[in-house]
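Note sheet for the following structure.
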Amino acid sequence: MTIKNKYLLPKIDDIFDQLQGATVFSKVDLRSGYHQLRIKEQDVPKTAFRTRYDHYEFLVMPFGLTNTPAAFMDLMNRVFHPYLDKFVIVFIDDILVYSRDNEKHAAHLRIVLQTLQERQLYAKFLKCEFWLQEVVFLGHVVSRVGIYVDPKKIETILQWEKPKTVTKIHSFLGLADSKAVGTYIESHTYACLIGWYYGISVVVPSPTVTPLMVKSRMLVYTYK
């Protein structure tokens, strides 16, 4: 039985609030981040598993455990605690360095890289980006002019074929239903939650849904 770690992940809204006024960005992605966190020797046997080839135990934090994100987030917050919300944002294994000008950014980036070196945390160079005017971070595009959702994330919705059957309409409504974005809502504020349900009431009002439940007939609402 696992006791769930109650360590809270940062709210995305709060993270982006810190970026006001920033003009230069660098993104650092840790290499197999969870594997850089060692497991205490006395807990290693708890990770045991068997294959048809042999018996194995993890010496480092494996992916997929319920407490892995919280444990790693706790580590990263302790590592960068002096710099958080000043010029560094951390979300699990994603690190964003932000500054108001190039001169400050050089100093901030040096501090972050030195901190990683001192703590023996290693980045995957191919996934790191430096000295950017615009950066994709946590599914959003961040720049000096503002923040907006990454167009690639909503491309599927924009290209969604007009539903012409009950099954396809149910499929789309399931995508738009609050349950489909439950995790997203949980990480947002109460005001955001109210805004979400208001939006749903406008996009999918109940009179539109109700006729679909009648098997003897089907009424499809579309736009020309």
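In UniProt numbering, the protein residues as written are 1 to 224.
Even for Gly, the Cβ is constructed at its ideal location relative to N, Cα and C.
Being a predicted model, the structure only gives us computed values, none of them experimental.
Apart from the five residues just before and just after residue i, which ones in its own chain have a Cβ nearer than 6 Å to its Cβ?
i: residue 48; result: 57
i: residue 170; result: none
Rounded to the nearest angstrom, how far is the Cβ of residue i from that of residue j, given a contact under 8 Å?
i: residue 25; j: residue 98; result: 5 Å
i: residue 16; j: residue 147; result: 5 Å
Could you check the C-alpha separation between residue i and residue j for me, to the nearest Å?
i: residue 73; j: residue 91; result: 7 Å
i: residue 8; j: residue 75; result: 13 Å
i: residue 128; j: residue 27; result: 6 Å
i: residue 70; j: residue 10; result: 10 Å
i: residue 42; j: residue 123; result: 28 Å
i: residue 131; j: residue 110; result: 12 Å
i: residue 157; j: residue 51; result: 41 Å
i: residue 104; j: residue 54; result: 52 Å
i: residue 40; j: residue 125; result: 28 Å
i: residue 5; j: residue 137; result: 25 Å
i: residue 143; j: residue 78; result: 27 Å
i: residue 118; j: residue 85; result: 21 Å
i: residue 21; j: residue 145; result: 9 Å
i: residue 102; j: residue 120; result: 27 Å
i: residue 14; j: residue 174; result: 28 Å
Who are the near neighbours of residue i in its chain, counting only those whose CB is closer than 8 Å to its CB and skipping five residues on each side?
i: residue 80; result: 88, 90, 95, 112, 115
i: residue 139; result: 149, 150, 153
i: residue 93; result: 29, 30, 33, 34, 72, 76
Which of helix, strand or coil does DSSP assign to residue i?
i: residue 25; result: strand
i: residue 228; result: Because the chain spans 1 through 224 in this model, residue 228 falls outside it and cannot be assessed.
i: residue 174; result: helix
i: residue 56; result: strand
i: residue 147; result: strand
i: residue 38; result: strand
i: residue 50; result: strand
i: residue 30; result: strand
query: Curious, which full-length alpha helix (DSSP H) runs of at least 4 residues does the segment 84 to 143 contain?
result: 102 to 118
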